[in-house]
Each structure stands twice: as C-alpha cells, then as structure tokens.
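In my numbering, the protein residues as written are 739 to 809.
Notes follow once the structure below has been shown.
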C-alpha cells in the first residue's frame, strides 16, 4: 500500500488500495468504496526456482481452500 500511495503523492496517478482505514499521507485523499468490490487475486513466484516447504504448503493450502470455498 505504501508504494502505491507514494506514487499517488508524486502525482504519478491513482491507485486502488485494499485497506485505507487510518491511512494518512500529506496531499493524498482516500475514499472508501460504498459498495462491495470484488477483485481477482493471484500468487506469483520465480519460475524454476526453489520454493521452501512452507511456501509450497501455503500454495497447496490456498489452492484447496479456494477449491472448497469458492468454486
């Protein structure tokens, strides 16, 4: 979030931020969306590089959780 707000503060554009509650930055205005906004998210990792056991376990957990709860 901080990087996005820094870009806005530098007049580089606007940004969607997931949690603006309590966010303060000089010269930047935030506004909460009044209706629910649904976003598609994903995971990213370096192709063909080693992933720790914990990283692989997290990916497996998230894949199963999404399959069980959102499909």
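Glycine is no exception: its CB is placed at the ideal position from the N, C-alpha and C atoms.
On a predicted model such as this, the values are computed, not experimentally measured, just so you know.
- Here the region 740-755 lies against the region 765-781, with 3 or more beta-carbon pairs under 8 Å apart.
- Note on geometry: alpha-carbon atoms of residue 772 and residue 748 lie some 26 Å from one another.
- Straight through space, the alpha carbons of residue 781 and residue 793 are spaced by roughly 11 Å.
- Cβ-Cβ distances below 8 Å link residue 753 to 742, 743, 745 and 746 in the same chain, with the five nearest sequence neighbours on each side left out; the list follows chain order.
- Exclusion of the five residues before and after residue 751 leaves 745 as the residues of its chain whose Cβ lies within less than 8 Å of its Cβ.
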